[in-house]
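Here my numbering runs 14 ahead of the position in the sequence shown, where the first position is 1. Written out below as structure tokens is the structure these notes cover.
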Amino acid sequence: MLAADTTDPHAITLATSRGRRLCKTRHADGTATDYDLARVLDLDTAIAPDLDALAALLHHLAERRDTCVLRGAILANNHARGQRRLLHRDPKTGDAPTMGECARAWLALDLDGLPLPSGADPRDLAGCGAIARAALPTAFHDVACIVWATASHGFKPGARLRLWFLLSRALSGFECKRWLHDAPVDRSVFGAVQPIYTAAPAFIGMSDPLPSRLVTLPGATVVTAPSAAALAPLARPLMPFRPTPASSGAGTARYASTALARAAAAVARASEGARHPTALAEAWGLARLVARGLLAEADVARALDGALQMAGKPAGEGAAIAVWAVAHRTGGAE
């Protein structure tokens, strides 16, 4: 595989451990063993030019408990065996970097604990994947993707999925972070050396409760990515948030109250099939106001729960969505 061009936009770096398990292990008593720590890895490159090839690769990697995926490119073939995942020289050991930033035409998006509608079955991976895709920005809604159930899906509440897409143009990790800053996804996977675990969990004394951990949702071939200019660094950095001066406290309170009212109205008016995604989107936006101390989590949960009930959903669903959004937007649960 090392003959492949590691900077090919459809290249995927494979990192294989030496005797370490890069998957979770689940036991019959309900406990779980986390991934092993793998300091040294062998690096290879695979090319997945289309979604079918990507799905085939992920099916193969599901059985490879010693292998994970990285976004970055291998710097040189002589850095490919028995190496650490280093983007920069280690100042303590002097070890040279082995990986470099590069643009990729594929995108893996992690949605962890995304609330599911009442009655949704975690074993219905296609159905859960469709709900997760609808929670993403509009550009993703009608695009084909691969839905991968992470090791926690079906064991912890909500949808715990990774959705794989192909893009209309290759994006750097920085561009992905800029574009998806307000999306309910884990942005750490956009890092060049961040492990993206692809192996199915190992089960001891029990069988996998999911009939499948990988399905493909149909749709358009690629996600239309924003232009390079739209995702370019700003001319000057964004100013950090500063509390509004006390003299304008009434105006700030009105702004937050208006935002909450508008969000609740949008949820209450949402049509069947759009109610849950609308609640997710509105909760994610309001969570930013909670993080800034402009709204109380309890008020957001109460408003969204009432609005979702008006739209025909059961009590408690809107509150669960609000709690999830606040926890994830303010750096809470994994």
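Positions of the beta carbon are idealized from the N, C-alpha and C atoms, including for glycine.
Item to complete: Assuming C116 contacts A87 (C-beta within less than 8 Å), just tell me the rounded distance between them.
Response: 4 Å
Worksheet entry | C-alpha distance - W298 paired with A277, whole-angstrom precision | 10 Å
Worksheet item: Where does the unbroken beta strand (DSSP E) through R176 begin, and where does it stop?
Response: A173 to L185
Worksheet item: Taking the continuous beta strand (DSSP E) assigned at I40, which residues delimit it?
Response: Going by the sequence as given, residue 40 is Arg instead of Ile. Looking at the DSSP string, the run of the beta strand (DSSP E) that includes R40 is T39 to H41.
Worksheet item: Are the region 123–143 and the region 212–220 touching, with three or more C-beta to C-beta distances below 8 Å?
Response: no
Worksheet entry | Residue nearest to A146 in terms of C-alpha spacing, selected from L130, A62 and R137 | L130
Practice prompt. Determine, using beta carbons only, whether L28 and A76 come nearer to each other than 9 Å.
Written response: no
Worksheet item: If we count Cβ pairs, one from each stretch, closer than 8 Å, do we get three or more for the region 67–83 versus the region 31–49?
Response: yes
Discussion item. Suppose the cutoff is 6 Å on Cβ atoms and the five residues either side in sequence are ignored; what does the same chain contact list for T21 look like?
Written reply: A87 and C116
Worksheet item: For T266 versus L308, is the C-beta distance shorter than 9 Å?
Response: yes
Discussion item. Alpha carbons only, please: which of A110, D50 and R174 is nearest the one belonging to D126?
Written reply: R174
Worksheet item: With a cut-off of 8 Å, do at least 3 Cβ pairs link the region 96–114 to the region 148–166?
Response: no
Practice prompt. Return the first residue and the last residue of the beta strand (DSSP E) that C159 is part of.
Written response: C159 to A163
Worksheet item: Are at least three pairs of beta-carbons, each pair with one atom in the region 316–327 and one in the region 181–190, less than 8 Å apart?
Response: no
Discussion item. Which residue wins for smallest C-alpha separation from S182, given the options I26, P232 and A242?
Written reply: A242
Fill in: Status (buried if at least 16 other CB within 10 Å, exposed otherwise) for T107
exposed
Worksheet entry | Per-residue DSSP class, three states only, for A260 | Summary for A260: the model assigns pLDDT 39, below 50, so the residue's position carries little reliability, and this model does not support an answer.
Worksheet item: Under the three-state reduction of DSSP, which class applies to Y269: helix, strand or coil?
Response: helix
Fill in: C-alpha distance - S262 paired with P247, whole-angstrom precision
Per-residue confidence for S262 stands at a pLDDT of 49, beneath the threshold of 50, marking its modelled position as unreliable; no derived number is given.
Worksheet item: Which whole-angstrom value describes the C-beta separation of R343 and R306, a residue pair presumed to lie in contact below a C-beta threshold of 8 Å?
Response: Actually they are not in contact, since the Cβ atoms of R343 and R306 sit about 10 Å apart, beyond 8 Å.
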